[in-house]
Amino acid sequence: MECNLPDLTDIQNHRIREILEETNVFDSQSICPEICKIEKSKKNLVLSISPNAKRPIVLKLFSSADSLQNEKKIYSFGQKNIFSKSDNLPEIKYAIPELIHKGDDYIITQYIQGENTMDMFTTQMEDPWNQPLLQQVITDLLQWVIRFSNVYKLVPLDCHIRNFILHQDTIYGVDFEELGVSDEKSLLKVFATLYFSILGAYPGVIEGLKLTEKAKIGVYLIRRILLSPEFQDIPITQIIPSFLEYVRTEAAAVVQRRINLDRGQGYNTQKIKENLDYVFSYIRSDFT
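This is the structure in structure tokens:
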């Protein structure tokens, strides 16, 4: 079975072939390199492999034992625990992909054919931007995180909009490598991480584009947080400053990571700070 991807080492390619043969998720036909897609991951190797498969799959090969254990912990609960309809939005379901195989250094899950929410926040920002649709997506993502928190008593710390896929009437969440214990503070930090992933997605604060639109999304997100039972007993004067401070902290970490990876090309940190200040000022003014 061939699956030699030029961007991977010989050891990685060999291990991938071993896993695919051991698990027998593919037909006997050869697997061509171009049908294996490397997905974005900070720590581990993630491959989406669809054609020629008995069913489409995602293969995640782990370099971190802790990340692997966190993912296995979530999938060990089973899909049924979180796969349920929303109380407030009966047309939407919340889910995680089905686990197909797991091993000492990998997991294989169902591949979700759908629209990545990061792509939605890029395409739907074009003039005229689709504010109602993006507000609905925000509502769905917050509900997904809250449902996840209620089921597992944990929160996914790396909560990025690229980690959610909309397929028909279901929002799927992926990536459970980094987990934290669920409480009001950790939930607010997760929502801040989610919001900066929206701010940082093109067009956004990095380029200085669509700042007012992204600020309006922030206002809507905070209003949805304030309506959540988890935050009913916390005063708004405490929630908003804490949320914005968490967003700023996340922004600094993400921008620094990007600078380190890209050697600073195209990143004006002072301008990014000014863009964030504009967004924060807009949000504060809406609540005064």
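Sequential numbering of the sequence shown, starting at 752, is according to this note's numbering. In this text, a Cβ means the ideal position worked out from N, Cα and C, and glycines have one as well.
Local conformation of residue i per DSSP, three classes
| i | result |
| --- | --- |
| I1046 | Residue 1046 is absent from the structure shown; the chain starts at 752 and stops at 1039. |
| N867 | strand |
| P907 | strand |
| F1031 | helix |
| L960 | coil |
| L893 | helix |
| Y845 | strand |
| K811 | strand |
| V797 | strand |
| I770 | helix |
| G1017 | coil |
| Y953 | coil |
| V776 | coil |
| Q979 | According to the sequence displayed, residue 979 carries Ser and not Gln. If DSSP states are grouped into helix, strand and coil, S979 belongs with coil. |
| L884 | helix |
| I991 | helix |
| T1039 | coil |
| I985 | coil |
| E877 | coil |
| E945 | Looking at the sequence provided, one finds Leu at residue 945 rather than Glu. Reduced to three states, the DSSP call for L945 is helix. |
| D761 | helix |
| R806 | coil |
The alpha helix (DSSP H) enclosing residue i, as first and last residue numbers
| i | result |
| --- | --- |
| V932 | First-last for V932: 930-932, but that is the beta strand (DSSP E), not the alpha helix (DSSP H). |
| E822 | 816-827 |
Bridge partners - residue i, DSSP secondary structure assignment
| i | result |
| --- | --- |
| G924 | F915 |
| I714 | Any property of residue 714 remains undetermined from this structure, which presents the chain solely from 752 to 1039. |
Pair within 8 Å by beta-carbon distance, residue i and residue j
| i | j | result |
| --- | --- | --- |
| Y946 | L972 | yes |
| F907 | F899 | Reading off the sequence, residue 907 comes out as Pro, not Phe. Contact flag set, yes. |
| L1027 | V956 | yes |
| L810 | L819 | no |
| D856 | L884 | no |
| I912 | F942 | no |
| Y826 | L850 | yes |
| L938 | T868 | no |
| E935 | E981 | yes |
| K967 | Q887 | no |
| V896 | G951 | no |
| V1030 | K965 | yes |
| Y862 | I808 | yes |
| I976 | F1038 | no |
| G959 | K1022 | yes |
| I858 | T774 | no |
| Y1033 | T921 | no |
| K824 | M876 | no |
| L930 | L893 | no |
| F828 | Y903 | yes |
Residue i, buried or exposed, once every other Cβ within 10 Å from all chains shown has been counted against 16
| i | result |
| --- | --- |
| E1025 | exposed |
| P848 | buried |
| Y845 | buried |
| G1017 | exposed |
| E822 | buried |
| Y953 | exposed |
| S948 | buried |
| Q989 | exposed |
| L978 | exposed |
| D891 | buried |
| E769 | exposed |
| K793 | exposed |
| D926 | buried |
The beta strand (DSSP E) enclosing residue i, as first and last residue numbers
| i | result |
| --- | --- |
| I851 | 850-853 |
beta-carbon residue i near the ligand MN non-hydrogen atom, thresh 7 Å
| i | result |
| --- | --- |
| Y845 | The ligand MN is not part of the structure shown, which contains no ligands of any sort. |
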